[in-house]
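Numbering-wise, the working numbering puts 265 at position 253 of the sequence shown, and it's gapless, one number per residue.
For each residue, glycine too, the CB sits at the ideal point set by N, CA and C.
Quantities reported herein were computed from a predicted structural model and do not represent experimental measurements.
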Amino acid sequence: MHEKERHTIILSAVEERPVVTVIELCNLTGASEATVRRDIATLDEDKLLRRVRGGAEALSPPQFVGLAGRPFSVNEAMYIEEKQAIAAAAVDLCADGDAIIINGGTTTFQMVHPLASRRLQVFTNSFPIAEHLLKHSKNTIMLSGGTIYREQNIILSPFDNDVTRNFCARRMFMGAQGLGPLGLMEADPLLIQAEQKLIGQADELVVLADSTKFQQRSSLVLCPLNRITTVITDDRITDKAAIMLEAAEVTLIVTQTGSAQKNVAS
13 MHEKERHTII LSAVEERPVV TVIELCNLTG ASEATVRRDI ATLDEDKLLR
63 RVRGGAEALS PPQFVGLAGR PFSVNEAMYI EEKQAIAAAA VDLCADGDAI
113 IINGGTTTFQ MVHPLASRRL QVFTNSFPIA EHLLKHSKNT IMLSGGTIYR
163 EQNIILSPFD NDVTRNFCAR RMFMGAQGLG PLGLMEADPL LIQAEQKLIG
213 QADELVVLAD STKFQQRSSL VLCPLNRITT VITDDRITDK AAIMLEAAEV
263 TLIVTQTGSA QKNVAS
């Protein structure tokens, strides 16, 4: 990851919570502690943040505490070609008239472009997905109720009696914080709670994850691998990750960025 990209991630992180530790920034950027400390020192000298013991803080503390994980604005520009190919393959699984759930995320957001020519019933907790489809498609759109989290651009409700329970979908499409032997991982307990409700409303779970997600881990497991029906990823997936999915009887769809796709079924 280049210095400019690391600086963008660090500045976004300190804007969404009071203090961010060096260790947290290492996890977000994939850089060493020494590199992150140098980045913090540089940004402090440029008066873009304030260096504190063990981490950094914003010059103007945020009014609202966001969810754990990188903001939507940071993730959106990362691995964009891979995300577009993965999203196109996801939409290929849909037929006009299907009822689907699309969970908020930067990879699932790329589904909006190929969905523009479709006519589906779409339930989503993503404000930008709903807004784009309303403006640029004839799909029927239903939004979940709750609080809008600005950094991730998603709507979450802590209550069990929200509209989620009234929508039944053939498939749910979602991204991932990480994928490993224990299953699909997320970074925030509130996300876990909301996404588990959505998963329960779909017959099939389709995970959209670029190949880097197989190297990422989190302390929170959203669901085991055997709950996942299909994983769509790019052609940089390792043999080890592919074997892991095959052992769990998960269908794997591998996309080739900018070229034809190839399918590998378990």
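In the DSSP assignment, L196 is bridged to L191, C235. At the C-beta level, I52 and A70 stay beyond 8 Å of one another.
Spanning the alpha carbons of Q205 and T159 requires a straight line of approximately 14 Å.
In the structure shown, the three-state DSSP call for F135 is strand. For T152 and G117, the gap between their C-alpha atoms comes out near 20 Å. Comparing C-alpha distances from L196 to each of L220, N165, L202, Q213 shows the shortest one belongs to L220. Of the residues L191, G190, L61, T41, the one whose Cα lies closest to the Cα of E27 is L61. Where R63 is concerned, the enclosing beta strand (DSSP E) starts and stops at 62-64. T136 and V266 have their C-alpha atoms roughly 25 Å apart.
At the C-beta level, K147 and T176 stay beyond 8 Å of one another.
If you look at M256, you'll find it in the alpha helix (DSSP H) that goes 251-259. Annotation for F179: no alpha helix (DSSP H) segment contains it, and DSSP assigns it neither H nor E.
Rounded to the nearest whole angstrom, the C-alpha separation of A111 and M154 is 11 Å. In the displayed model, D104 falls within a helix according to three-state DSSP.
A straight-line Cα-Cα distance of about 22 Å links C106 and N238. For A111, DSSP records a beta bridge to Q133.
If you draw a 10 Å sphere on the C-beta of C235, you find 16 or more other C-beta atoms in it, and that means buried.
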